[in-house]
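Rendered as structure tokens:
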């Protein structure tokens, strides 16, 4: 059995990919890499140092590994290109045969998010040019942050951003992990680049789904790009505020409404949002009332 390593194993996406890969190949064949290894010990697999800024450490940690999952870093665009190259070069030096990269979807030009998208495209090319077998996933937008933000939405009574009527191909970390585990372990995905997301929905439909799960009466209010950018910068600071505004400007302009290859990657369809929020509704009702339940999802 081949050994598979997953970087950023202490992170939200990396840890889910570790768990999904364990189900396919067993704990003994999965290695987690983490900048702070003790933060990933609960995964129950071999955890090795994995700081993207330490090439020697990376090469040592990738010894004996056949395939590596590179989770896109969180640094500034210029820095992350170099950090990702450190992982690629370490993998080559350590004798790794295959690399799978978690890239992103989004507007490649004309938004504040575009430099991050461009840096991911550069890493995609670096992976393709590495001489290794490779597969690349371009992740849709995580839907979990909207669920986690529900108390704030309740207080405001609305979802307000600049996405307008733009369709957004949302996904979840668990669904992505399911797909990436198969991209790592199935040779048929070699040389492929997949958009990984579920059904594309508008912000108004997202509000309806949240209402169905949480019993709320949220409305969607469209803001201008400038208005939303100012709101996010005031709340989150210049760097992050601009990035968030850029993501939603991209949604507005159609950059998040792409054909999905999730089923090809995963071997099954992406979970429907009707089912996702139905399950979320049942969990919410059990937590609050001590029994199951569920609201109807929007038509």
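Residue numbers (the working numbering): 901 to 1199. Beta carbons: idealized from backbone N, C-alpha and C, even for Gly.
Just how far apart, CA to CA, sit residue 981 and residue 1115? Approximately 43 Å between the Cα atoms of the pair.
What does DSSP give as the partner residues of residue 1054 in its beta bridges? None, per the DSSP bridge assignment.
Per-residue DSSP class, three states only, for residue 1180: Correct three-state label for residue 1180: helix.
Quick check on residue 1077: buried or exposed, where buried means 16 or more other Cβ atoms within 10 Å of its Cβ? Looking at its Cβ environment, which holds 16 or more other Cβ atoms inside 10 Å, residue 1077 is buried.
Give me, in chain order, the residues of the same chain whose beta-carbon lies closer than 7 Å to that of residue 947; leave out the 5 immediate sequence neighbours on both sides. 909, 932, 934, 937, 940, 941, listed in sequence order.
Should the segment 970–979 be called in touch with the segment 1040–1056, which here means at least 3 C-beta pairs below 8 Å? Short answer: they don't touch.
Please say whether residue 1001 and residue 1036 have beta carbons closer to each other than 8 Å? The Cβ atoms of residue 1036 and residue 1001 lie closer than 8 Å to each other.
Can you look up residue 1068 in the DSSP assignment and give me helix, strand or coil? In the three-state reduction of the DSSP assignment, residue 1068 falls in the strand class, which pools E and B.
Exposure of residue 1177, with buried meaning 16 or more beta-carbon neighbours within 10 Å: Per the 10 Å Cβ criterion, buried.
Could you name each continuous alpha helix (DSSP H) segment of 4 residues or more that falls completely within the segment 1109–1153, going from the start of the chain to the end? Complete alpha helix (DSSP H) runs here, min 4: 1125–1136, 1138–1152.
Residue 946 - containing beta strand (DSSP E), residue span: Its beta strand (DSSP E) spans residues 946–949.
DSSP three-state call for residue 939: helix, strand or coil? DSSP places residue 939 in helix when its eight states are reduced to three.
Of all the options 992, 978, 1093, 1131, which has the alpha carbon lying nearest to the alpha carbon of residue 968? Here the closest residue by C-alpha is 992.
Could you tell me if residue 1088 is buried or exposed, where buried requires 16 or more neighbouring beta carbons within 10 angstroms of its beta carbon? Exposed is the label assigned to residue 1088, since fewer than 16 other Cβ atoms lie within 10 Å of its Cβ.
Among 1053, 1030, 959, 1067, which has the Cα closest to the Cα of residue 1102? Nearest C-alpha to residue 1102: 1067.
Who does residue 1061 pair with in a DSSP beta bridge? Beta-bridge pairing links residue 1061 to 1122.
Buried or exposed for residue 1196, going by 16 or more other Cβ atoms inside 10 Å? Only weak support exists for where residue 1196 lies, its pLDDT of 34 falling under 50; the coordinates are left without a value.
Is residue 1056 buried or exposed, if buried means 16 or more other CB atoms sit within 10 Å of its CB? So residue 1056 counts as exposed.
State the Cα-Cα distance for the pair residue 1147 and residue 1097, rounded to the nearest angstrom. The straight-line gap from Cα to Cα measures roughly 16 Å.
Quick one, are the C-beta atoms of residue 1008 and residue 1017 less than 8 Å apart? Residue 1017 is positioned such that its CB atom lies closer than 8 Å to that of residue 1008.
Excluding five sequence neighbours on each side, which residues of the same chain lie with their C-beta closer than 6 Å to the C-beta of residue 920? Residues 1077, 1078, 1081 of the same chain have their beta carbon placed closer than 6 Å to that of residue 920, with the five preceding and five following residues left out of the count.
Cβ of residue 984 within 7 Å of any heavy atom in the ligand SAH? Summarising the ligand content, the structure contains no ligands, and the ligand SAH is consequently not present.
Please classify residue 1005: is it buried, with 16 or more other beta-carbons within 10 angstroms of its beta-carbon, or exposed? Answer is buried; the Cβ neighbour count reaches 16.
Cβ shell of residue 950 (< 7 Å), same chain only, five flanking positions each side left out: So the list reads 907, 933, 934, 935, 958, 961, once near-sequence residues are dropped.
Residue 1073 versus residue 986 - alpha carbon distance: Answer to the nearest angstrom: the Cα atoms are 25 Å apart.
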